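Okay, structure first, notes after.
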């Protein structure tokens with residue numbers, strides 16, 4: 093009988109250990125942050141702000157609460173993520189829990205070294221989800237964008253990035269991917285850049301050190317065409333008869349890489365396809381005109397891509413990851429590990445673009 097009692101006790105202890113019941117807390121005892129933002133502060137410190145959903149929101153009260161009241165914040169200044177965690181915990185009557193984080197927002201005024209340090213610290217913490225989305229914002233932005241008329245407070249950024257096919261360009265950057273790019277030679281990490289509106293249509297590119305470089309909307313499109321991130325883009329341009337528009341554009345790029353005399357030579361073939369959605373009413377759509385439209389669309393895409401590559405060469409960045417791809421395929425390239433760490437080759441690009449319009453709509 094004694095052996096059975098001891099065995100029963102041991103089984104109970106093992107069951108609790110396996111299920112994790114011994115350290116579980118109720119929702120009422122936990123403060124679960126959904127977003128964390130990091131901004132520069134004085135004395136080489138950082139300002140850390142944690143956003144928590146407002147527990148007072150209900151189906152009946154949502155109409156009386158503004159979007160800015162859907163979340164409450166706890167903020168502190170600290171030199172590291174661990175120090176910020178401790179300093180915020182003493183402000184809360186509940187256990188600070190970061191296992192449900194959805195987004196981490198960096199100020200655009202943080203240099204690459206600081207962003208890298210925070211991401212490395214974040215990645216080392218086993219409980220923190222590595223699928224959170226990373227992005228950058230102007231330092232002046234204080235309000236957290238939220239979706240409207242939701243029964244539960246929802247972060248706008250999370251909804252935006254989760255629906256990758258909803259957006260013209262897929263700019264989502266999960267934490268694991270950015271961390272991998274930080275530690276991989278031959279690529280400059282990128283973060284989507286959200287403005288105060290909010291609008292997310294640009295990228296910040298981080299060099300090995302120093303401040304990030306902003307790719308404006310046009311250059312971000314060039315990056316997307318070159319890296320297969322176009323989902324349903326549109327183009328507009330003028331012909332002799334008037335304005336022409338294409339929509340629902342998808343594209344695919346194939347890249348062949350070589351290195352010659354210290355220059356990374358990229359030969360890129362881009363095939364784009366979309367629907368013709370606007371054509372001047374007073375002009376007939378003939379095969380000749382259709383061919384002209386396809387040619388003009390290809391030319392516009394080509395110009396956008398070349399402008400992006402020109403900017404990359406001027407700022408010594410490689411947001412396309414072409415250097416990484418070349419090193420992966422040529423591990424014996426004769427480059428030492430020390431040189432690989434900050435390796436960014438000058439890029440010589442040869443780009444060919446073809447555009448196809450499979451349908452031109454219904455003619456009267």
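In the numbering used here, the protein residues as written are 93 to 456. The beta carbon of each residue, even a glycine, is placed where N, CA and C say it ideally should be. As the structure is a prediction and not an experimental result, all values here were calculated from the model.
{"Asked": "Identify every run of the beta strand (DSSP E) within the stretch 319 to 396, keeping only runs that are complete inside it and at least 3 residues long; order them along the chain.", "Found": "325 to 331, 334 to 352, 355 to 370"}
{"Asked": "Which one or two residues does DSSP pair with residue 227 in a beta bridge?", "Found": "197"}
{"Asked": "Pick out whichever of 184, 260, 381 has its Cα sitting closest to the Cα of residue 341.", "Found": "260"}
{"Asked": "Just curious, the alpha helix (DSSP H) that residue 192 is in, first and last residue?", "Found": "First-last for residue 192: undefined, no H or E at that position."}
{"Asked": "For residue 372, tell me which candidate among 208, 211, 326, 382 has the shortest Cα-Cα distance.", "Found": "382"}
{"Asked": "Heavy atom of the ligand FAD less than 7 Å from the Cβ of residue 280, yes or no?", "Found": "The ligand FAD is not part of the structure shown, which contains no ligands of any sort."}
{"Asked": "Between the Cα of residue 248 and those of 281, 291, 405, 339, spot the shortest distance and give me the residue it belongs to.", "Found": "291"}
{"Asked": "If I follow the unbroken alpha helix (DSSP H) through residue 185, where does it start and stop?", "Found": "Here residue 185 belongs to no alpha helix (DSSP H), and DSSP marks it neither H nor E."}
{"Asked": "Closest to residue 313 by C-alpha separation, out of 276, 411, 356, 353, would be which residue?", "Found": "411"}
{"Asked": "When DSSP labels each residue in this structure, what does residue 296 get in the three-state scheme?", "Found": "strand"}
{"Asked": "Under 8 Å by Cβ, that's how I've got residue 304 and residue 406 pegged, so tell me the actual separation to the nearest angstrom.", "Found": "Actually they do not touch by this definition, with Cβ atoms about 14 Å apart."}
{"Asked": "If we call anything under 8 Å between Cβ atoms a contact, is residue 457 one with residue 191?", "Found": "Lying before the first or after the last residue shown, residue 457 is absent from the chain, which here runs from 93 to 456."}
{"Asked": "Which stretch, first to last residue, makes up the alpha helix (DSSP H) that contains residue 219?", "Found": "Looking at the DSSP string, residue 219 is not in any alpha helix (DSSP H), and its letter there is neither H nor E."}
{"Asked": "Should residue 389 and residue 327 be called a contact, given that it needs their Cβ atoms to be closer than 8 Å?", "Found": "yes"}
{"Asked": "Compute the distance between the beta-carbons of residue 364 and residue 414, then report whether it is under 8 Å.", "Found": "no"}
{"Asked": "Which class does residue 311 belong to by DSSP, given the choice of helix, strand or coil?", "Found": "helix"}
{"Asked": "Alpha carbon to alpha carbon, how far is residue 337 from residue 329? Give it in angstroms, no decimals.", "Found": "7 Å"}
{"Asked": "Using a Cβ-Cβ cut-off of 6 Å (strictly less than) and excluding sequence neighbours within five positions of residue 282, which residues of its own chain qualify?", "Found": "295, 297, 411"}
{"Asked": "Below 8 Å on the Cβ atoms is my contact criterion, and I expect residue 302 with residue 435 to pass it. Report the Cβ-Cβ distance as a whole number of Å.", "Found": "The Cβ separation is near 16 Å, so there is no contact."}
{"Asked": "What residues in its chain sit with their C-beta under 6 Å from that of residue 447, if we drop five residues either side in the sequence?", "Found": "364, 386, 389, 390"}
{"Asked": "Among 425, 449, 397, whose alpha-carbon lies nearest the alpha-carbon of residue 71?", "Found": "The shown model of the chain, from 93 to 456, leaves out residue 71, and the question about it has no answer."}
{"Asked": "Note down, in chain order, each residue of its chain lying with its Cβ closer than 8 Å to the Cβ of residue 425, except the 5 sequence neighbours on either side.", "Found": "351, 418, 419"}
{"Asked": "Return the residue from the list 273, 284, 231, 274 that minimises the CA-CA distance to residue 252.", "Found": "284"}
{"Asked": "From the DSSP secondary-structure annotation, give me the bridge partner or partners of residue 440.", "Found": "357"}
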